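Just below is one structure, and these are the notes that go with it.
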Amino acid sequence: MFTGLVFPEFEPEEPKIQVFLSAPLPARGVSASYDALTKQYSATKALQMILRRALDDYETRLDDGSYRASAAEYAIGNKDKPAIIQTSRMMPVRLIDIARTHFDPLGFESTRAFGRKLACAALACFFEREEKRK
């Protein structure tokens, strides 16, 4: 009797949820990548490009637990009236649960505040790692 073949590449994807993210533009000198990208793109586009990569890396940190020992903030440009970027991303529910427990253990943060903490932490880790490579 034929029972079918198992193809791991066709396993159902992990459930995901849309997360709304925001982050202030960094101060000059915080990131060589950001400073270089702003020569070609607007400041907001440059940070969105970096955030995309930073979130990929941060998902790995959430998965392996290394996010606990990571930076959560970075120096912000124009502190009086900081410009921010806004975007959204589909992320695995399992990782969002880990991040929510870390950033909002009591469950009182708004969705927007949580998204800002998550984006800022991902960027801070990216900038920190970039600085260590110098």
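In our numbering, the protein residues as written are 1160 to 1293.
Idealized CB from N, CA, C, for every residue including glycine.
Quick caveat, the model's predicted, so the values are computed rather than measured.
{"Asked": "Residue ranges of each beta strand (DSSP E) within the region 1181-1261, 3 or longer", "Found": "1243-1251"}
{"Asked": "Whole-angstrom C-beta distance between V1178 and M1250, which should lie under 8 Å", "Found": "5 Å"}
{"Asked": "Three CB pairs or more closer than 8 Å across the region 1234-1253 and the region 1199-1214", "Found": "yes"}
{"Asked": "Heavy atom of the ligand SAM within 7 Å of K1276 beta-carbon", "Found": "Ligands in the displayed structure: none, and consequently the ligand SAM is not present."}
{"Asked": "Those residues which DSSP pairs with F1179 across a bridge", "Found": "S1247"}
{"Asked": "Alpha carbon of D1256 to alpha carbon of L1184, nearest angstrom", "Found": "26 Å"}
{"Asked": "Integer-rounded CB distance, given that F1273 should sit under 8 Å from F1262", "Found": "6 Å"}
{"Asked": "Neighbour-count burial assignment, K1291, 16 or more Cβ in a 10 Å radius", "Found": "exposed"}
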